[in-house]
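Engineer:
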Amino acid sequence: MIENLVIVESPAKAKTIEKFLGKEYRVVSSFGHIRDLAKKNLGIDIENGFAPDYEIPREKTKVVAELRKAASEAKSIWIASDEDREGEAIAWHLFELLKGIVPPEKFSRVTYNEITKAAIVEAFSKPGALDMKRVDSQQARRVLDRLVGFKVSPLLWKQVRGGVSAGRVQSVALRLVCEREKEINDFKPEEYWLLGAKVRKLVDPREPFAIKLAQIDGAKADIKSAEQAADLRADLESSSLRVARVIEKEIQRKARAPFITSSLQQAASSVCGFSPARAMSIAQALYENGLITYMRTDSYSISISAQEACRAFVAAEYGSEYLPAAPNVYKSRSSAQEAHEAIRPTEVAQTPQSLSKLKPEELKLYTLIWERFVASQMVPSRIARRTAEIESDGRHSCLFRATASEIAFPGYMRASGIELAADKSDDEDDEESDEGRLPPLVPGEALDCLAWLDEQKFTKPPARYSEASLIKALEENGVGRPSTYAQTLATLDKREYVAKEKRSLVPTEAGMRVYEFLVGALDPLFNVKFTAEMEEKLDQIEDGSVDWADMMRVFYDQLLLWLESAKDTADPEATNAQIAILWLGV
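Position 234, counted from 1, in the sequence shown is what the numbering used here calls 235; the numbers after and before it change by one each time, with no gaps.
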């Protein structure tokens, strides 16, 4: 007889946790969800409060049989799945499956944010109960997604082709990609010119440096034609240059917040080249091996103990001058689940250099997480910026600028390295971009012009989304949640709605057709604002302020109206003709 049966979602997690518990515990895995909505029909009893009809998928029958057998040999069951909606739903499904074998009072729910011995032992010393509000929120999300996919996809089959699908979040993500592509295609470039000069001092040091035209007659330099550029250059060629002033200031760059799911996926894409799905898979391995905290989170919160440990590490490793007087605190979005922590190393003393046995991709991601977390608890860096303003004495009063910066004090950069434009302060002027070193200059001194420079440029269309920037856009618009981003992008790729050109996402012909139909026929359903409002409703179900069946009824009634209007849009005969043309290459 097993004294205690512990059930988690993954075999790797089971193996790690079993090491921390005594011989009285046996830890097994459910391999994720054990039940899902029935596939043979809608799987939802609409007339009975949208009650879900759950079934055990064929591929899970063996796992379920093994769980039932293990439960029959146990005195008590501890369900230790993840502390989020999906994890809570898995826990509830396990309870429903096994409560006929083990009495309900013998079940305990255990949650934790990291898989370390201290965290696991503490979690098992303070078991709780199932959070049915969180379960209801997950059920509502699953039912919403099934209704949208089940009801809308047949319209797409008529209008586009069989095999395509619509998804509540997936189709909004596709909409963002396609609308950006339309912006790019509709963009009309406008000509403009940049003027500058290569100059040097009349006395040593005489190394040349570049200056850029910033103002003409007191207004921002805005040169729209070759004629205007030529006229101005002719005036400048007969002018002399003199230093008007040298402006010195020190600016601060603050460390960024520790990672949450979306920002980790963005950094993993831009720095490491990992897709969101791969980044989450690697993070899952780091989490299950006890190296990082739970990786599906939208909260910037940090536990007091982790904060104190990080501050002690910073003081010992870098010195007290790198430690702020009070811990740095970062504000989460209003919808964030504050019970969760940001993604951080479980032990800050486990530096990347000390983990040489990790796989290369695991070490890359761990290094990102470790550096970002340590930097987040350090003082700002201080940048000494020197800007020279140079004036001409021609017909037009022209003001040129040259700027150079150097690090006066590295601050958090000691941990994270020198970061790029994302760290620039909001008050920094784009015109003051760093151009390298400047020689010592004093107001009033003349400069020798070695060459006048002009360059024709054209305005550029907005950039296509990358996986990282699309995740950022979804997050900023309140569409989806941390647990859905990777799967959403993977679905767009699997359905061949988007293709990757280098790191850019380009809608395919099929993707654009799906988008055009959905927006034309069901614009309100796949509207970014409406989808964000539905996410808020799911949050309200979780906090208990909204009943999930009531929310579903309101949504479903509206969905039926939208679908009725959309039927007139689908024209099978016209669609078949279009597909024939497409395939025949006519």
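Positions of the beta carbon are idealized from the N, C-alpha and C atoms, including for glycine.
Would you please state the rounded distance, in angstroms, between the beta carbons of M553 and F51? I believe it to be under 8 Å.
Structural biologist: By one-based count along the sequence shown, residue 553 stands at place 552. By one-based count along the sequence shown, residue 51 stands at place 50. Indeed they touch by this definition, with Cβ atoms about 4 Å apart.
Engineer: Could you round the C-beta distance between A343 and T298 to whole angstroms and report it? I think they count as a contact, below 8 Å.
Structural biologist: For the purposes of this step, residue 343 is identified with residue 342 of the sequence shown, where counting begins at 1. For the purposes of this step, residue 298 is identified with residue 297 of the sequence shown, where counting begins at 1. Contact flag correct, Cβ pair sits at about 6 Å.
Engineer: So, with DSSP's three-state summary, where would you put S393?
Structural biologist: If you number the sequence shown from 1, residue 393 lands on position 392. Strand at S393.
Engineer: Spell out a yes or no on whether the region 89-107 and the region 147-161 are touching, meaning 3 or more CB-CB pairs, one atom from each, closer than 8 Å.
Structural biologist: no
Engineer: Does the distance from the C-beta atom of L6 to that of I78 stay below 8 Å?
Structural biologist: As a first step, residue 6 must be located in the sequence shown, where it is residue number 5. As a first step, residue 78 must be located in the sequence shown, where it is residue number 77. Yes; because the gap between Cβ atoms is below 8 Å, this pair is in contact.
Engineer: List the residues that DSSP assigns as beta-bridge partners of C399.
Structural biologist: Residue 399 sits at position 398 when you count from the first residue of the sequence shown. Listed as beta-bridge partners of C399 by DSSP are I217.
Engineer: Distance check for I305 and A350, CA to CA, integer angstroms please.
Structural biologist: Locating residue 350 in the sequence shown gives position 349, where the first residue counts as 1. Locating residue 305 in the sequence shown gives position 304, where the first residue counts as 1. Their backbone Cα atoms lie some 16 Å apart in a straight line.
Engineer: So, do the region 185-193 and the region 211-222 have three or more beta carbon pairs nearer to each other than 8 Å?
Structural biologist: no
Engineer: Under a three-way DSSP split, which group does Y193 fall into?
Structural biologist: Indexing the sequence shown from 1 puts residue 193 at position 192. Strand at Y193.
Engineer: So within the region 223-290, which uninterrupted beta strand (DSSP E) runs reach at least 3 residues, ignoring any that extend past its ends?
Structural biologist: 242-254
Engineer: Quick one: is D435 buried, meaning 16 or more other Cβ sit within 10 Å of its Cβ, or exposed?
Structural biologist: As a first step, residue 435 is located in the sequence shown; it is residue number 434 there, counting from the start. Low local confidence applies: a pLDDT of 49 at D435 is under 50, so the model's placement there is unreliable, with the coordinate-based value given in what follows. With fewer than 16 neighbouring CB atoms inside 10 Å of its own CB, D435 falls in the exposed class.
Engineer: Using C-beta distances below 8 Å, list every residue in its chain close to Y466, excluding the 5 sequence neighbours before and after it, in chain order.
Structural biologist: Here residue 466 refers to the residue found at position 465 of the sequence shown. Excluding residues within five positions, the ones whose Cβ falls inside 8 Å are L177, V178, R181, A474, S505, L506.
Engineer: Quick one: grab the DSSP three-state call for Q541.
Structural biologist: Here residue 541 refers to the residue found at position 540 of the sequence shown. Looking at Q541 - three-state DSSP - the assignment turns out to be helix.
Engineer: Using the Cβ count rule (16 or more neighbours within 10 Å means buried), how would you classify E289?
Structural biologist: Counted from its first residue, the sequence shown places residue 289 at position 288. So E289 ends up on the buried side.
Engineer: What are the boundary residues of the beta strand (DSSP E) that P508 is part of?
Structural biologist: In the sequence shown, residue 508 corresponds to position 507, counting from 1. 505-508 is the span of the beta strand (DSSP E), which, as asked, contains P508.
Engineer: Could you give the first and the last residue of the continuous beta strand (DSSP E) run that contains N5?
Structural biologist: Locating residue 5 in the sequence shown gives position 4, where the first residue counts as 1. Element bounds for N5: 3-9.
Engineer: The beta strand (DSSP E) spanning A447 covers which residue range?
Structural biologist: Within the sequence shown, the letter at position 446 stands for residue 447. Its beta strand (DSSP E) spans residues 447-459.
Engineer: Beta carbon of A522, beta carbon of T509: below 8 Å?
Structural biologist: Reading the sequence shown from its first residue, position 521 is the one you call residue 522. Reading the sequence shown from its first residue, position 508 is the one you call residue 509. Not a contact, by the Cβ cut-off of 8 Å.
Engineer: Measuring CB to CB, does A381 end up less than 8 Å from R246?
Structural biologist: For the purposes of this step, residue 381 is identified with residue 380 of the sequence shown, where counting begins at 1. For the purposes of this step, residue 246 is identified with residue 245 of the sequence shown, where counting begins at 1. Residue identity check: residue 381 is Pro in the sequence provided, not Ala. No.
Engineer: Going by Cα to Cα distance, which pick from K24, P206, R514 is closest to V443?
Structural biologist: To locate residue 443, count along the sequence shown from 1; it is residue 442. For the options K24, P206, R514, the alpha carbon positioned closest to that of V443 is the one of P206.
Engineer: Buried or exposed for S321, please, with buried defined as at least 16 other CB atoms from any protein chain shown within 10 angstroms of its CB.
Structural biologist: Along the sequence shown, read from residue 1 onward, the residue named residue 321 stands at position 320. Flag for S321 reads exposed.
Engineer: Quick test of your reading: L454 and K199, contact by CB under 8 Å. State the CB separation rounded to the nearest angstrom.
Structural biologist: Taking the first residue of the sequence shown as position 1, residue 454 is located at position 453. Taking the first residue of the sequence shown as position 1, residue 199 is located at position 198. Contact flag correct, Cβ pair sits at about 7 Å.
Engineer: In whole angstroms, what separates the C-alpha of T489 from that of R147?
Structural biologist: Here the question's residue 489 lines up with position 488 in the sequence shown. Here the question's residue 147 lines up with position 146 in the sequence shown. Approximately 15 Å, taken between the alpha carbons.
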